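Taking our numbering, the leading residue of the sequence shown gets 25, the next gets one more, and so forth. Note that CB positions come from ideal geometry on N, CA and C, so glycine has one too. Note that the structure is a prediction, hence the values are computed from the model and not measured.
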Amino acid sequence: MSSNTVAEFATELKKSPETLLDQLKAAGVGKAAPSDALTESDKQKLLAYLQASHGTASADRKKITLVKKSTSEIKQADATGKARTIQVEVRKKRTFIQRDEGAEATAESQAAAAVEEPAVSSEDLELSRREEEARRQAELIRRQEAELAEKRAEREAREKREREAEERAAAYAAQEAEKKAQASAVKQEATREQAAEAAARAAAQTEAREKAQAEAKARADEESARARDLEERRRKALAEAEAIRAMMATPKKAVMVAKKPEETKPAAKPAAVGDAKKGTLHKPAVGTGGARTAAAAPATAGAPGAGKEVKSAKLSSSWANDTAKKKEIKTRGDSSGGVGRNNWRGGPRGRRGDNRDQRDDHQNAAPAEARIIEVHVPETITVAELAHKMSIKASEVIKALMKMGQMVTINQPLDQDTAMIVVEEMGHKAVVAALDDPEAFTDDDAGQKDAELLPRAPVVTVMGHVDHGKTSLLDYIRRAKVAAGEAGGITQHIGAYHVETPRGMVSFLDTPGHEAFTAMRARGAQATDIVILVVAADDGVMPQTKEAIKHAKAAKVPIVVAITKADKPDANPDRVKQELVVEEVVPEEYGGDSPFVAVSSKTGMGIDDLLEQVLLQAEVLELKAPVEAMAKGLVIEAQLDKGRGPVATVLVQSGTLKVGDVVLAGQTSGRVRAMLDENGKPAKTAGPSIPVEIQGLSDVPQAGDEFMVLSDERRAREIATYRAGKFRNTKLAKQQAAKLENVFNEMTAGEVQTLPIIIKADVQGSQEALAASLLKLSTDEIRVQLVYAGVGGISESDVNLAIASKAIVIGFNVRADAGARKLAESSDVNLHYYNIIYDAVDELKAAMSGMLAPEQREEALGTAEIRTVFVASKIGTVAGSYVTSGQVTRNCKFRLLRDNVVIYTGEVESVRRLKDDVKEVKEGFECGIKLRNYNDIKEGDQLEFFEIKEIARTL
25 MSSNTVAEFA TELKKSPETL LDQLKAAGVG KAAPSDALTE SDKQKLLAYL
75 QASHGTASAD RKKITLVKKS TSEIKQADAT GKARTIQVEV RKKRTFIQRD
125 EGAEATAESQ AAAAVEEPAV SSEDLELSRR EEEARRQAEL IRRQEAELAE
175 KRAEREAREK REREAEERAA AYAAQEAEKK AQASAVKQEA TREQAAEAAA
225 RAAAQTEARE KAQAEAKARA DEESARARDL EERRRKALAE AEAIRAMMAT
275 PKKAVMVAKK PEETKPAAKP AAVGDAKKGT LHKPAVGTGG ARTAAAAPAT
325 AGAPGAGKEV KSAKLSSSWA NDTAKKKEIK TRGDSSGGVG RNNWRGGPRG
375 RRGDNRDQRD DHQNAAPAEA RIIEVHVPET ITVAELAHKM SIKASEVIKA
425 LMKMGQMVTI NQPLDQDTAM IVVEEMGHKA VVAALDDPEA FTDDDAGQKD
475 AELLPRAPVV TVMGHVDHGK TSLLDYIRRA KVAAGEAGGI TQHIGAYHVE
525 TPRGMVSFLD TPGHEAFTAM RARGAQATDI VILVVAADDG VMPQTKEAIK
575 HAKAAKVPIV VAITKADKPD ANPDRVKQEL VVEEVVPEEY GGDSPFVAVS
625 SKTGMGIDDL LEQVLLQAEV LELKAPVEAM AKGLVIEAQL DKGRGPVATV
675 LVQSGTLKVG DVVLAGQTSG RVRAMLDENG KPAKTAGPSI PVEIQGLSDV
725 PQAGDEFMVL SDERRAREIA TYRAGKFRNT KLAKQQAAKL ENVFNEMTAG
775 EVQTLPIIIK ADVQGSQEAL AASLLKLSTD EIRVQLVYAG VGGISESDVN
825 LAIASKAIVI GFNVRADAGA RKLAESSDVN LHYYNIIYDA VDELKAAMSG
875 MLAPEQREEA LGTAEIRTVF VASKIGTVAG SYVTSGQVTR NCKFRLLRDN
925 VVIYTGEVES VRRLKDDVKE VKEGFECGIK LRNYNDIKEG DQLEFFEIKE
975 IARTL
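Okay, structure coming up:
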C-alpha cells in the first residue's frame, strides 16, 4: 500500500519525520507537519531532487562479506548398532552492502553495483535482476493503487454532487407542489394537471436516481474486483521478493542433482522461486544452518565437485537401502527435507498451506465418541487396578475420590461399593464381578450328592445364665466332674461331649453363661439341633437366659427347658414358668411346644425325663446325614498348644473325618496328623455329630469357621491363601472407610488417654470374649487400644511388641516362656496372668480409674469485709478486713466482690494479726490481708475464701 502521510513515508524509508520534512522543503514541496498528506507527484519531486543533488554515479557502495561457521554433534548408530558421535559443520556466507540515504532509486544503485563489482557471478546478477523486477512491479502496483484511490475519491465526490442535486430537485418540486395546492381553490383543473405533471416529473427523477445508483454500484463492484486483482498481484510480487531475499540469505552450497522427488500435496499459494526448480532434491540440514537451492543447473554442473555428487547419486540401490536401514538422524520433526513442511525451508507460504492442510485434516476427522466401558468390580480392588480397568490414569480416580471426600493412595484397596460409585461417576458401567475364586471348586469335592443319608445323633447345646447349673447337669449325665476343674467354678470354654444312652447317642455342647461369652453362645446355637435352656428354680430368668432364648429362636431350633436346683427348699418352678411365658417360651401344659422338666444335678431327679424329651424332639426332627462321604462341620474352639501346635475342636456335621484327611478350615488348611475324642483318647475316625480335637493345621482357625475335607492338598492351600488375602483386603478397605467417619474423633484424640493391651489366651473363644469385655470399658477420657490378640503362650515377640507399643500383656490361662520372662524383667514390661475373666475385667477397670484425672471440688472457707485500705512501704497495698464468717488461711483462694459482682479471683499471699504473720484468722477478728498480684481494692469490698480439693474418680 502507498504511504499517504509524511510520517508513514518516513517510516517506510526508515528515516525520522524531521529529516524527511527538511528534504521535502528543499525539494520545493511545502509540508509543515508529519501528518500532512503526501501525493505521488510530491514523491516524484523528492526523487528528482535527490537524484539531482547526489548524482547517479556519486554514491559509492561498501560491500562486506561475512562467513559464519557453526559446529554441532549428533549421535548415530553405525551398521553394528554401536552409537558414534559425528561432527557436523555448517557454514554460512552473507554479503552486506551499505547504502546512502538516497538508495530509494533502485535503478541507479543496481547500475553502480554492476560497475563497482564486475567480478560478481552470473548467479548473483540473475538474483539482482529478479529482485529489481520485483521492486519495479511493487512500485507499479503502488502507483496503480494511488490512481485507483484518486478515481475512487472523484467518484465519491461526483456521487455526492448528484445526491445533492437530487435532493435540491426534490425540495423544489415539493415547494412547487405546495404552491399549486394553495391555488387549487381558484384553478382546480389547472392544479390537477400541474400535480400530474409534478408527479410524472418526480417519478422520472426517482427512476433516474435508481438508475444512477445501479450504475454506481456496478462501477463500485468493478473497481473492487480490480482492487482485489491488484492486491493479489501485489501479494504475489511481495512473496516472490521475500523468496528471493530468503535465497540470498542462505548458503549457496549443498545442492546435488538427483532424480525427480516425489510430488507432494500442492499448496494453495504459488511456491517460492527457489523451490519451484525441477530435478533438485533438498538435502536435510543438521544443526543451525540450512541448505540452499541452486539458481541454475549449469552453474551447479560447473561447480567443483559436482561430478562427485552425480556419481554418488548413481550408486547401487542396495547400498542406498542398506543406509536407509540405519538409524535416522533426528531433525526438527520433518523427514522430507522441509519442502512444503512447517519449518524454515518451506517459506511463509509453505507454513500457511501446511497449517491449512492440518486444519482441514482435523476438521474432516470424525469426532471421537465417548467410550463406555463395562467394568467388573470384585469385592476389593486397588486404585491402580480400577484405573487400569477404565483405561484412564490413576490420578483421575484419585481426583474423583477426593471429590467424594476420600483421601486415597494409588495402592490403597477400595471396597466394592466405593469402587462401583467411582466407576459410575467416571461415566462407565459398573458390574459386580463374577468371582473366579478357587472356592468354586469346593463343591466338586463334597462327594455327598450320591451318598446315602442315615440317621444321626442329635447335637444338644446347653445354654443358660451363669451359676444356674449347666455344667453340673452335664457332669451328672456324663458321670464326670468337669465343673470342679473349672476356674472359679464357672465355665469359660465351650465344651463338646457325646454320651451313650439306652436310647442312643447324644452329643452335648456346654456353653459359658457369663455375659462376655455372647459370641460363643451364638456359635453353639448355630451348630445345634436342640437347645436345653437351663433355669435355676431359685433364681428365675436372668439376662443371659433371655439372650440364650434369642439365640435359640434365631437358629430356629426347639427348646427343652430344664429347671435346675429343684430339690432346694426355696425352689419355685411356677415362677420360672411364668417368667418364661413372658419371654414367649410356653410350656406344653400351657398349650405351648416347649417341654419343661424339673431336674436336680445332685440327686439325679428328672435326668432321665430330660434325656427322654431330648430324644423325642430328635425323632420328630428326623435328623439324617451322609456317612460315607468327605467330612464337613464346624470349628467349635481353637487354641495354640506349645507342644502340639494349632489344635482345633471340631464338630462333624456330615460325612466321616479320618486321620490323614486334608482339611480346609477358614483361612487355614492342613492334613490331620492326630485326632482325639473329648476324653483325650486317640480316634481314627469321627462320624456325624461327633466332636473331636484335630492337629495338623497350618494356623489357629477362627472359632465358628466351617471346615471341610478336600481331596487335593494344593487346592486347599490355594483356597486358604485366597481367603486370607480377601479377608485382609476387606479389612483394610473397611478401616479406610472408617477413617473419614471418625475424622473428628481423631482430631480430639490428643485429649483422650490410651491404654494399650496385648491379650494372649488359651483358646480362641476366650480370647474373643476377653477382648470384647475389655474394649467395652473404654470411655470418653480413656480408650482401651487392643494392640494384638491371639492364642498360645506369651512369647518374646509378644514382649517386643509390648515394648514398642508400651502396652501391658494379659495372659488368660497361659504363661510366658523363659525367654519372654527374662526380656520382660529387663525391659520393665508388665505381665498379668488371669484364669477368671471377672478378675481381668476388674483389675483393668481399676487401672483405668487410676488414669482418670481427679475431680476438682471447691470447698468454702469463709468471708471477710474490707473496712480500710492502707499501703505499707515494703509490703504494698493491704486490706484491713473483718472476718464475718468461717476463717481465712494463708495461701487460700479468694474472690473479690464489689457491689455483689465478682471482679477478681486470686490467691491470698499473707495474713497478719497485730503485726504478726499468722497462718489463719477465725471469725470475729480483724486482720490485714495481702492479696497476691492485686492492689485494686476499696473499702466495702467483700472477700470469699475457698480451697480446691481433688477427689479420685472411678469408672
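Close-in-space but distant-in-sequence residues of the same chain around ALA896 (CB under 8 angstroms, 5 per side omitted): Correct list, in chain order: VAL902.
Beta strand (DSSP E) runs contained entirely in the segment 858-945, provided each spans 3 or more residues: For the segment 858-945, whole beta strand (DSSP E) runs of length 3 or above, ordered along the chain, are 879-896, 900-913, 917-922, 925-937 and 940-942.
Beta carbon of LEU885 nearer than 8 angstroms to that of GLN911: Yes, the Cβ-Cβ distance between LEU885 and GLN911 is below 8 angstroms.
For LEU478, the residue or residues it bridges with in DSSP: LEU478 is bridged by DSSP to ALA649.
Span of the beta strand (DSSP E) around GLU398: Element bounds for GLU398: 398-401.
Closest by C-alpha distance to GLU255, when choosing among ARG167, VAL584 and ALA207: Nearest of ARG167, VAL584 and ALA207 to GLU255, Cα basis: ARG167.
Other residues of its chain near GLY630: CB distance less than 6 angstroms, five sequence neighbours each side excluded: Excluding positions up to five away in sequence, the list reads VAL621, ALA622 and VAL623.
Segment contact, 8 angstroms Cβ cut-off, at least three pairs: the segment 868-882 with the segment 922-935: With the rule of 3 Cβ pairs closer than 8 angstroms, the segment 868-882 does not count as touching the segment 922-935.
Cα-Cα separation, MET271 to ARG153: Straight-line Cα distance between these residues: approximately 14 angstroms.
Residues sharing a beta bridge with ILE660, DSSP: Partner(s): none; ILE660 has no beta bridge.
Best match in VAL456, LYS427, GLU449 and VAL808 for proximity to THR404 [C-alpha to C-alpha]: Ranking the options by Cα distance to THR404, first place goes to VAL456.
Validate contact between the segment 691-708 and the segment 717-735 using beta carbons, cut 8 angstroms, 3 pairs: Segments in contact, yes.
ASP553 and VAL483 closer than 8 angstroms at C-beta: Annotated as proximal: ASP553 and VAL483, with beta-carbon spacing under 8 angstroms.
Opposing strand residues paired with LYS499 [DSSP bridges]: According to the sequence as given, residue 499 is Asp; it is not Lys. Here ASP499 is not bridged, per DSSP, to any residue.
Alpha helix (DSSP H) segment containing PHE33, residue limits: PHE33 -> alpha helix (DSSP H) spans 30-37.
GLN719 (DSSP reduced to helix, strand or coil): Strand.
Buried versus exposed, by CB contacts within 10 Å (16 or more), GLU150: With fewer than 16 neighbouring CB atoms inside 10 Å of its own CB, GLU150 falls in the exposed class.
At least three beta-carbon pairs within less than 8 angstroms, the segment 483-502 to the segment 516-534: Touching, yes.
First through last residue of the alpha helix (DSSP H) which encompasses ASP441: For ASP441, the enclosing alpha helix (DSSP H) stretches over residues 440-449.
Own chain partners of PRO706 with C-beta closer than 8 angstroms, once the 5 adjacent residues on each side are dropped: Correct list, in chain order: ALA698, MET699 and LEU700.
Exposure of GLU702, with buried meaning 16 or more beta-carbon neighbours within 10 Å: By the neighbour-count rule (16 or more Cβ atoms within 10 Å), GLU702 is buried.
Per DSSP, cross-strand counterpart(s) of ASP534: Answer is VAL486 and GLY519.
GLY952: first and last residue of the uninterrupted beta strand (DSSP E) it sits in: Going by DSSP, GLY952 is part of the beta strand (DSSP E) stretching over 950-955.
Cβ pair PHE731, GLY657 closer than 8 angstroms: Judged by their CB atoms, PHE731 and GLY657 are nearer to each other than the 8 angstroms cut-off.
Residue nearest to ASP491 in terms of C-alpha spacing, selected from ALA101, ASP534 and THR680: For ASP491, the nearest C-alpha among the options comes from ASP534.
Cβ separation of LYS69 and VAL30, assumed to be a contact under 8 angstroms, to the nearest whole Å: Contact between LYS69 and VAL30 does not hold, since the beta-carbon distance rounds to 13 angstroms and is not under 8 angstroms.
Boundaries of the beta strand (DSSP E) in which ILE834 is found, first to last residue: For ILE834, the enclosing beta strand (DSSP E) begins and ends at 832-836.
Terminal residues of the beta strand (DSSP E) in which GLY997 lies: Beyond the ends of the chain as shown, which are 25 and 979, falls residue 997; an answer cannot be given.
Closer than 7 angstroms: GLU200 CB and nearest the ligand MN heavy atom: Here there are no bound small molecules, and the ligand MN is not part of this structure.
Neighbourhood of ALA470 by C-beta, 8 angstroms cutoff - its chain only, sequence neighbours within 5 removed: Model confidence at ALA470 stands at a pLDDT of 47, short of 50, so the residue's coordinates are unreliable and nothing is read from them.
Beta-carbon contacts of GLU889 that lie in its chain and below 7 angstroms, excluding the five residues immediately before and after: So the list reads SER905, TYR906, THR908 and GLN966, once near-sequence residues are dropped.
Those residues which DSSP pairs with GLU524 across a bridge: GLU524 is bridged to MET529.
8 angstroms Cβ cutoff, THR908 in contact with chain B: The structure shown has no chain B; it contains just one protein chain.
Cutoff 8 angstroms; reference ASN435; Cβ partners in own chain excluding five residues on either side: The residues are THR406, VAL407 and ALA408.
Collapsed DSSP secondary structure at ILE961 in the structure displayed: Note: ILE961 maps to coil in three-state DSSP.
Which of helix, strand or coil DSSP assigns to GLU730: Strand.
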